[in-house]
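Residue numbering for the sequence shown follows our numbering, beginning at 28 and increasing consecutively.
Positions of the beta carbon are idealized from the N, C-alpha and C atoms, including for glycine.
To start, the structure under review is shown below, and the notes come after it.
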Amino acid sequence: MSGALDDSPRSGRGLWPTAAAIALGALLAAAPPGVELIVRTQLHDLAGPVLSRLPASSAPAETAEAPVAELAREVARLRTELAATPADAPADRLVGPLWLTAATLGTAERRGAVAELLIARVGTETAADDVALLTENLPAIDAGADRQVHVGDLVVTGGAVVGRIAAAGRWTATVRPVTDADFRLAVTVPGNAAPGGGEEATAVLAGDGDAGAVLLHVPTAATIAVGAVVACEAAETGGAAVPVGVVSAVEPAAADGRRLVRVRPLATLAGRAGGAVQVVRAGLNRRRVGSPEEQP
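Encoded structure:
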């Protein structure tokens with residue numbers, strides 16, 4: 028009760044500032060003019076620097092309306108841009124390339140440990156898709172749909188393409204290596220690979236099921252040289268043609284005119300347990316040779 032009285036305006040403590048102000052006014056009134064001027068000057072010198080640091084007050088209406096006006100201008104700008112976009116413009120122009128870093132999970136023992144950890148944290152039912160992926164006989168990484176990893180995305184390490192995302196769970200994904208028999212990727216071979224030289228020949232890179240890859244659908248008139256660098260198409264990565272391998276052998280054409288062009292990959296996921304890789308997603312609507320969405 029006494030504490031409440033002490034804090035109230037009517038308590039002695041609350042009257043001190045008022046009493047002090049009255050006393051100071053009385054002293055100034057009774058003092059000679061010279062003394063009053065000195066006191067007022069000293070008070071001004073003391074309070075002036077403090078008051079100068081206080082920000083100037085702005086009108087409440089202006090402060091409240093500024094963000095709204097800025098938002099209205101931004102909406103108008105976006106509407107103008109969308110209205111000027113051709114109807115047949117590719118939708119993926121609005122989606123920039125995405126490069127994210129993940130780590131390989133390596134051996135079956137390591138993948139099994141990750142599966143057990145997921146089950147312990149989120150439960151068997153929630154982790155079912157990821158656990159199923161981790162039991163497959165494919166390399167795995169520690170990134171999935173929660174980090175925008177999708178089936179068909181390229182996987183890069185050491186500056187070279189090493190595979191595609193074969194399947195994606197919520198927290199993990201599997202990688203189909205370049206050497207896998209089911210791997211497909213649209214590629215280009217620069218330099219003298221095209222008829223007349225100086226341009227690029229396009230082909231499809233396919234894994235040979237062993238330790239290398241081959242080129243399919245190579246133009247019969249193209250000159251393919253051993254040592255030529257094979258790279259993915261720029262559309263796969265949003266503008267950068269990342270190398271995949273080098274031509275290691277060109278076998279003579281068969282009766283049907285087709286040649287067997289062998290490619291040696293520049294990098295591999297083998298023995299990279301815990302090593303860093305990059306997953307590349309160029310756009311939501313790009314077409315990808317070899318992706319499930321492209322299969323009939």
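Closest Cα partner of Ala258 within the set Leu98, Ala238, Leu232 and Ala252: The residue given as residue 258 occupies position 231 in the sequence shown. Residue Leu232 is the option with its Cα nearest to Ala258.
State buried or exposed for Thr247, treating a residue as buried only when at least 16 other CB atoms are found within 10 Å of its CB. Working through the sequence shown from its first residue, we reach residue 247 at position 220. With fewer than 16 other Cβ atoms within 10 Å, it is exposed.
I need the DSSP call for Gly272, collapsed to helix, strand or coil. In the sequence shown, counting from the first residue as 1, residue 272 sits at position 245. Note: Gly272 maps to strand in three-state DSSP.
Taking the straight line between their C-alpha atoms, what separation do you get for Val290 and Leu181? The residue labelled residue 290 in the question sits at position 263 within the sequence shown. The residue labelled residue 181 in the question sits at position 154 within the sequence shown. Between Val290 and Leu181, the C-alpha separation is close to 18 Å.
Cβ neighbours of Gly254 in the same chain (closer than 7 Å, five flanking residues each side left out): As a first step, residue 254 is located in the sequence shown; it is residue number 227 there, counting from the start. Same-chain partners within the cutoff: Val273 and Val274.
To which residues of the same chain is Ala154 closer than 6 Å at the C-beta, ignoring the five residues directly before and after it? In the sequence shown, counting from the first residue as 1, residue 154 sits at position 127. Excluding positions up to five away in sequence, the list reads Leu145 and Ile146.
So what's Glu278 in DSSP terms, helix, strand or just coil? Walking along the sequence shown from the start, residue 278 turns up at place 251. Strand, per DSSP.
Is Pro166 buried or exposed, if buried means 16 or more other CB atoms sit within 10 Å of its CB? Taking the first residue of the sequence shown as position 1, residue 166 is located at position 139. Buried.
Secondary structure of Ala200, DSSP reduced to three states: Residue mapping note: residue 200 aligns to position 173 of the sequence shown, counting from 1. It is a strand residue.
Could you name each continuous beta strand (DSSP E) segment of 3 residues or more that falls completely within the segment 115-177, going from the start of the chain to the end? 125-130
Which one of Ala93, Gly234, Pro270 and Ala129 has the shortest CA to CA distance from Leu287? For this step, residue 287 is matched to residue 260 along the sequence shown. Considering only alpha carbons, the answer is Gly234.
So the beta strand (DSSP E) Gly265 belongs to, where does it begin and stop? Locating residue 265 in the sequence shown gives position 238, counting from the first residue. Looking at the DSSP string, Gly265 is not in any beta strand (DSSP E), and its letter there is neither H nor E.
Drop a sphere of 10 angstroms on the beta-carbon of Leu98, count the other beta-carbons inside from all chains shown, and report buried for 16 or more, exposed for fewer. On the sequence shown, position 71 is the one that residue 98 refers to. That one is exposed.
Mark Val202 as exposed unless 16 or more other C-beta atoms lie within 10 angstroms of its C-beta, in which case mark it buried. As a working mapping, residue 202 is identified with position 175 in the sequence shown. With 16 or more other Cβ atoms within 10 Å, it is buried.
Alpha-carbon spacing of Val304 relative to Leu243, whole angstroms: Working through the sequence shown from its first residue, we reach residue 304 at position 277. Working through the sequence shown from its first residue, we reach residue 243 at position 216. Taking the straight line from one Cα to the other gives about 27 Å.
For Ala258, report the span of its beta strand (DSSP E) as first-last. Taking the first residue of the sequence shown as 1, we reach residue 258 at position 231. Looking at the DSSP string, the run of the beta strand (DSSP E) that includes Ala258 is Val256 to Cys259.
What are the partner residues of Ile192, as DSSP defines its beta bridges? To locate residue 192, count along the sequence shown from 1; it is residue 165. Bridge partners of Ile192: Val202.
Which residue from Arg100, Ile251, Ala103 and Leu127 puts its Cα closest to that of Asp173? Here residue 173 refers to the residue found at position 146 of the sequence shown. Taking only the C-alpha atoms, the option nearest Asp173 is Leu127.
What does the Cβ neighbour count give for Val95, buried or exposed, with the cut at 16 atoms within 10 Å? Residue mapping note: residue 95 aligns to position 68 of the sequence shown, counting from 1. Exposed, since its Cβ has fewer than 16 Cβ neighbours within 10 Å.
For Ala221 and Gly265, what's the separation of their Cα atoms in angstroms? Against the sequence shown, residue 221 aligns to sequence position 194. Against the sequence shown, residue 265 aligns to sequence position 238. Confidence is the limiting factor: at Ala221 the pLDDT is only 48, short of 50, which leaves the residue's position unreliable, though a coordinate-based value still follows. Those two C-alpha atoms are separated by around 24 Å.
What is the residue span of the beta strand (DSSP E) that Val304 lies within? Position 277 of the sequence shown, counting from 1, holds the residue named residue 304. Per DSSP, Val304 belongs to the beta strand (DSSP E) from Ala303 to Arg308.
Between the beta-carbon of Gly325 and the beta-carbon of Gly196, is there less than 8 Å? The structure shown does not extend to residue 325, since the chain is modelled only from 28 to 323, so the question has no answer here.
Report buried or exposed for Gly236, applying the criterion of at least 16 other Cβ atoms within 10 angstroms of its Cβ. Translated into positions along the sequence shown, residue 236 becomes position 209. So Gly236 ends up on the exposed side.
Where does the unbroken beta strand (DSSP E) through Leu287 begin, and where does it stop? Locating residue 287 in the sequence shown gives position 260, counting from the first residue. That run of the beta strand (DSSP E) goes Leu287 to Pro292.
Are the CB atoms of Val271 and Val214 nearer to each other than 8 Å? Here the question's residue 271 lines up with position 244 in the sequence shown. Here the question's residue 214 lines up with position 187 in the sequence shown. Yes, these two residues count as a Cβ contact at 8 Å.
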